[in-house]
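J.: Residue numbers (full-length UniProt numbering): 1 to 209.
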Amino acid sequence: MMKKVAFLGAGTFSDGVLPWLDSRLYELVGYFDDKPIECYRGYPVFGRLHDVIDYLDTGKIDAVFVTIGDNVKRKEIFELIAKEHYNALFNIISEQAHIFSPDSIKGRGIFLGFSSFVGADSYVYDNCIINTGAIIEHHTTVEAHCNITPGVTVNGLCHIGTGTYIGSGSTVIQCIEIAPYTTLGAGTVVLKSLTESGTYVGIPARKIK
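1. Going by beta-carbon coordinates alone, are G169 and G187 separated by less than 8 Å?
2. So is D103 buried or exposed if we call it buried at 16+ other beta carbons inside 10 Å?
3. Name the two residues that bound the continuous beta strand (DSSP E) containing G30.
4. Report yes if the C-beta of K73 is less than 7 Å from at least one heavy atom of the ligand ADP; otherwise report no.
5. When the Cα of I61 is compared with those of A88, C39, N71 and R41, which residue comes out closest?
6. Would T199 and T183 be called neighbours here (beta carbons separated by less than 8 Å)?
7. Do the stretch 42–53 and the stretch 132–149 meet, that is, are 3 or more Cβ pairs less than 8 Å apart?
8. What first and last residue would you give for the beta strand (DSSP E) that runs through A63?
9. What residue range does the alpha helix (DSSP H) around K60 cover?
10. Could you please give the first and the last residue of the uninterrupted alpha helix (DSSP H) stretch that includes V72?
11. With the cut-off set at 8 Å, would you say L80 and S94 are in Cβ contact?
12. Which residue or residues does DSSP assign as beta-bridge partners of R206?
13. In whole angstroms, what is the alpha-carbon distance linking G42 and A10?
14. Between A205 and chain C, is any beta-carbon pair separated by less than 8 Å?
15. My guess is that P150 and N131 are in contact by the Cβ rule of under 8 Å, so how many angstroms apart are they, rounded?
16. In chain order, what residues of the same chain have a beta carbon less than 7 Å from the beta carbon of F13, not counting five sequence neighbours either side?
17. Can you tell me the Cβ-Cβ gap for K209 and E196, rounded? I've got them flagged as a contact below 8 Å.
18. Alpha carbon to alpha carbon, what distance is there between D57 and M1?
19. Give every residue of the same chain whose Cβ lies closer than 8 Å to the Cβ of F78, excluding the five residues on either side of it in the sequence, and list them in chain order.
20. Going by the beta-carbon positions, is the gap between N71 and G163 smaller than 8 Å?
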């Protein structure tokens, strides 16, 4: 029996996720969003983001996926749901994603986009985005609520702290640790561990705030 699914966030990121929803298991029935809109892409918008709890409590929907790119807001909504309905959260993984082992996926609310890669003995935790063409090489951990954007390469033996955002085309060399809630601008190259949270850009990465 297919599960009735709602997306939390009606916007461009949800457009990128929807093609990879497994239609054999899940049926998208609508959205929740804080914008004052009644429909999106032909689907109803049932209410504001926080209204989803009532829909889960009453069984109007079976499962939810948070389609918000912003790390802070995505974490807030994920944790709201997880308090009472953690099992209603599920993963969306492109059929063209490459995962060395199913054991690498260590949570819920995870998105793996087209041609993404998660290597041997690497782990991805709750509410992470590993977007189109992003590479997480062997023995690397990506903690919860991270957004690894298109074309990023994270080499082996790295640790990416909770809530980190890595901009498109960035490279993290091997054996690097990145502090929680760090932002890397597009095209940043990280050659040494970033032990202080902040925003980094450039080649090599330098802190700007």
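Just so it is clear, CB atoms sit at the ideal spot from N, CA and C, and this is done for glycine as well.
T.: Let me spell this out:
1. Yes, they are a contact pair.
2. exposed
3. Run containing G30: Y26 to F32, per the beta strand (DSSP E) assignment.
4. For the ligand ADP, the structure offers nothing, since it holds no ligand at all.
5. A88
6. Taking 8 Å as the cut-off, the beta carbon of T199 is found closer than this to the beta carbon of T183.
7. no
8. A63 to V66
9. Unbroken run through K60: none, as it is neither H nor E.
10. N71 to H85
11. no
12. V201
13. 11 Å
14. Considering every chain present, this structure includes no chain C. It has just one protein chain.
15. 5 Å
16. These residues qualify, in order along the chain: T67, I68 and G69.
17. About 11 Å; that fails the 8 Å criterion.
18. 20 Å
19. V66, L89, G109, D126, N127 and H145
20. yes
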